[in-house]
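First the structure, in the form of structure tokens, and then the observations on it.
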Amino acid sequence: MTDPRDAERSHRLDEILPRRGTGSVKWEYAEGAAARGSSLAAVAPGSDVIPMWVADMDFPCPPAAADAVRERLRHPIFGYTAERPGFAAAWCAWMETRHGFRPRPEWVVPTEGIVPDLGMLAGTLAEGAGVILHPPVYHPFFGIVRHAGASVVSCPLRRTGKPGNPYRLDLERFERVAADPANRVTFLCSPHNPVGRVWRREELTAFAEIAGRHRVIVIADEIHGDLMLHGARFTPWLSVPGVDRSRTITASAPSKTFNLAGLKCSCLVIPDAGVRRRVRRARDRRGAYGVNPLSAAAAEGAWRGGAAWLDEVLGYISENARRLQQFFEERPRLGVLVTPPEGTYLAWLDFRESGVPPAELDSFLLGQVRVRLEDGRIFGEGGEGFARVNLACPRPLLEEALHRIEQAITVERRSHMDRRSPERHF
Ligand SMILES: Cc1ncc(COP(=O)(O)O)c(C=O)c1O
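Residue numbers (the working numbering): 2 to 427.
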């Protein structure tokens with residue numbers, strides 16, 4: 002087994018690197034959940050449940066990130082640290098080479114996590130107003146909006162034709178809700194968690210036109226923007242024609258891209274100087290100025306030297322996604338339909354034809370299947386009967402999870418048939 006101390010150099014993606022003992026939320030949090038007063042369904046310590054829920058990767062981060070942290074550790078003072086120009090410059094250069102769009106370094110405000118950022122932005126820009134969300138969507142959005150004293154205005158994604166067809170933004174409904182002056186802000190999740198959709202330039206252009214017409218502020222959460230599968234192309238919101246730059250903020254981060262989520266490092270990208278000043282002041286009022294020196298070093302290192310690592314990881318995850326889809330296509334009797342992800346490392350599974358009642362899906366997965374996925378219901382409208390699976394894991398883990406799902410649904414179906422026709426046994 003790989004020694005975790007130098008795993009980022011010698012690791013092969015198929016290897017399972019144990020994470021227990023590191024405080025991993027994905028692997029350990031559920032074990033003491035009840036004692037901590039969490040409502041999360043608990044599992045026994047050391048349980049063999051496969052955790053495929055929280056969105057981080059079971060792969061070591063790029064050597065370029067770990068090297069940059071080690072380099073910074075050579076100086077033993079970790080006092081208050083101001084943001085340094087190298088951070089914004091590294092991110093802007095990354096965006097240009099990766100996505101063909103060069104933001105201006107002065108737009109970049111380093112922060113400590115997108116969820117707290119969105120809370121601050123909603124409180125600063127939307128208090129008392131409506132915030133338009135596009136469910137099923139990343140579940141913390143709902144709480145962020147409500148805690149900021151704003152209200153959720155739902156504009157669900159649409160899916161026409163066959164159940165496996167791609168999701169789309171509902172632009173007609175967006176136009177209607179955006180026309181209400183009470184609805185001042187929308188969160189755009191791009192690419193979209195949990196359905197894995199990579200929004201096309203034309204869709205984003207139409208979205209920008211509507212937002213512009215009704216002066217709705219767009220907060221584009223692009224945390225998954227680098228995670229393009231099967232060679233998909235990401236369109237950064239700020240590169241979309243017609244975006245009103247005085248009414249937009251993009252949130253980005255190295256955390257999903259390079260598996261650095263525990264380092265709590267992100268940035269807000271705010272082209273308008275006035276809005277930027279307002280956001281910086283709101284941030285300072287919360288005492289959230291400065292940066293974590295280790296996180297900033299890791300981010301800068303990864304943006305400068307992590308491209309080859311990312312290409313390899315994306316190839317591997319694309320293959321996991323293909324395998325997931327092939328598995329259920331070859332077994333239609335299981336009644337599980339995969340929405341093929343174009344971006345993110347998350348896949349959206351439709352269990353509505355599996356025979357497992359939607360209200361029992363989560364406990365079935367945890368109890369009978371022994372995998373922990375995210376229950377679709379937490380993502381809001383359109384999530385019932387679905388679950389989100391995290392594919393950023395070694396393939397042997399994925400294979401074991403698929404095997405367990407097959408076994409458990411087969412047993413469930415058999416016992417369901419037995420319940421329906423007990424006379425067969427007499
Ligand atoms: C769309 C989206 N935004 C934000 C986050 C979390 O951001 P952070 O860890 O920087 O708070 C996630 C994590 O899964 C996410 O999927």
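Quick reminder that beta carbons are idealized off the backbone N, C-alpha and C, glycines included. Note that the structure is predicted; figures quoted are calculated from it, not measured.
- Query: Using the beta-carbon count (16 or more within 10 Å), is A180 buried or exposed?
  - Reply: exposed
- Would DSSP call W95 helix, strand or coil? helix
- Message: Based on DSSP bridge pairs, tell me the residues matched to T23.
- Response: In the DSSP output, where bridge partners are listed per residue, T23 has none listed.
- Considering only C-alpha positions, which residue in the set P117, A123, A89 is nearest to E1? As displayed, the chain neither begins before 2 nor continues past 427, which places residue 1 out of reach and without an answer.
- Item | Simplified DSSP state of W28, which is helix, strand or coil | helix
- Item | Beta carbon of V44 nearer than 7 Å to that of A31 | yes
- Message: Less than 6 Å separating the Cβ of I406 from some heavy atom of ligand 1?
- Response: no
- Among R71, H417, A123, nearest to V153 - alpha-carbon criterion: A123
- Message: Please tell me whether, using a cut-off of 6 Å, the distance from the CB of G243 to the nearest non-hydrogen atom of ligand 1 is below it.
- Response: no
- Task: Below 6 Å CB to CB, which residues in the same chain sit around L366 once its five sequence neighbours on both sides are set aside?
- Result: V372, L374
- Query: Relative to ligand 1, is the shortest distance from any of its heavy atoms to the C-beta of I145 smaller than 6 Å?
  - Reply: no
- Message: Going by DSSP in three states, D273 sits in which element: helix, strand or coil?
- Response: coil
- Message: Assuming the contact rule is C-beta atoms closer than 8 Å, F380 and P136 should be a hit. Round their C-beta distance to whole Å, please.
- Response: 6 Å
- Message: Can you tell me whether P226 is helix, strand or coil according to DSSP?
- Response: Looking at the sequence itself, residue 226 is Gly, so the reference to Pro does not match. Looking at G226 - three-state DSSP - the assignment turns out to be coil, as it is neither helix nor strand.
- Residue(s) in a DSSP beta bridge with R389: W349, E375
- Message: Mapping the DSSP letters down to three states, classify F235 as helix, strand or coil.
- Response: coil
- Query: Is the CB-CB distance between E223 and S191 below 7 Å?
  - Reply: yes
- Message: Could you check whether the stretch 139-155 touches the stretch 95-104, counting it as contact only if at least three pairs of C-beta atoms, one from each stretch, sit closer than 8 Å?
- Response: no
- Task: Tell me whether K257 is buried or exposed, calling it buried when 16 or more other Cβ atoms sit within 10 Å of its Cβ.
- Result: buried
- Through-space distance from P195 to A209, alpha-carbon basis: 22 Å
- Tell me, please, whether the stretch 56-72 touches the stretch 298-316 by the rule of three or more beta-carbon pairs shorter than 8 Å. yes
- Item | Residue closest to D285, alpha-carbon to alpha-carbon, out of P77, A83, P141, D171 | A83
- Query: Less than 7 Å separating the beta-carbons of V241 and T206?
  - Reply: yes
- Presumed contact (8 Å Cβ cut-off) between V390 and L347, rounded CB distance: 7 Å
- Query: Where T340 and L399 are concerned, what is the direct C-alpha to C-alpha distance, given to the nearest angstrom?
  - Reply: 17 Å
- Message: Taking 7 Å as the threshold (C-beta atoms), are G336 and E320 in contact?
- Response: no
- Would you say I115 touches ligand 1, meaning its beta carbon is less than 6 Å from a heavy atom? yes
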